[in-house]
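For reference, the structure is listed below as structure tokens.
Numbering (the working numbering), first residue to last: 2 to 231.
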């Protein structure tokens with residue numbers, strides 16, 4: 002018997018599709034305006050990110066959380082649901098101004114999933130880098146956030162990032178799924194070869210393949226929030 006979707010399932014799927022179209026539309030007027038300020042790589046036309054040489058923060062907290070005013074070296078991250086990140090695409094100038102209060106931020110982290118078609122993975126990689134490069138253009142201290150998909154995405158996923166720099170990497174989305182863990186580990190090692198980072202700001206659980214000698218680890222702040230109520 003053929004499965005029939007309920008109206009609310011159809012509505013939810015349609016809403017999700019429309020949100021994705023809003024994020025990744027190549028004719029987004031903000032995207033076209035932003036690109037005027039950026040440099041691009043010759044082959045994949047990815048926005049170029051400048052390397053950042055800074056020491057590690059004392060803490061790494063989501064951009065929407067409050068932190069004590071006395072903690073002057075807490076960086077802000079964007080490892081959260083894509084819906085929270087949409088305003089950084091659709092209203093980039095205002096959102097960039099709101100980030101000026103922070104000493105440093107990691108790059109945007111729109112979700113790149115291995116099951117996505119390759120052109121969609123490329124679009125996610127482009128938009129993440131576009132916003133990172135735009136923030137740097139606006140004078141923010143931005144540590145490049147590195148994401149990757151399947152091995153066939155590495156050529157464009159690592160394109161545009163600066164070598165021999167500080168990078169940020171997130172592992173919270175992989176969980177315990179064997180395939181996800183394998184792809185993360187494989188991509189991590191490819192990232193080391195491609196970028197040769199000097200310091201890795203790591204968010205989430207430690208993985209066996211990592212260069213712990215050049216890594217600083219920070220706990221998922223959703224867990225901290227559940228413990229301390231903030």
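Heads up, the beta-carbon is just placed ideally off N, CA and C, and yes, glycines get one too.
The structure displayed is predicted, hence computed values, not measured ones.
| Check | Outcome |
| --- | --- |
| Contact under 9 angstroms by Cβ, residue 134 with residue 50 | yes |
| Candidates 198, 85, 197 and 217: closest to residue 205 by CA position | 217 |
| Residue 160 - DSSP class collapsed to helix/strand/coil | coil |
| Residue 150 beta carbon less than 9 angstroms from that of residue 129 | no |
| Alpha carbon of residue 155 to alpha carbon of residue 45, nearest angstrom | 11 angstroms |
| Three-way DSSP call (helix, strand, coil) for residue 145 in this model | strand |
| Environment of residue 127 [buried if 16+ CB atoms lie within 10 Å] | buried |
| Straight-line Cα distance separating residue 189 from residue 212 | 10 angstroms |
| 8 angstroms contact criterion, which residue 115 and residue 33 should meet: CB distance rounded | Wrong, their Cβ atoms sit about 29 angstroms apart, outside the cutoff. |
| First and last residue of the uninterrupted beta strand (DSSP E) at residue 169 | 167–171 |
| Closest Cα partner of residue 65 within the set 136, 165 and 106 | 106 |
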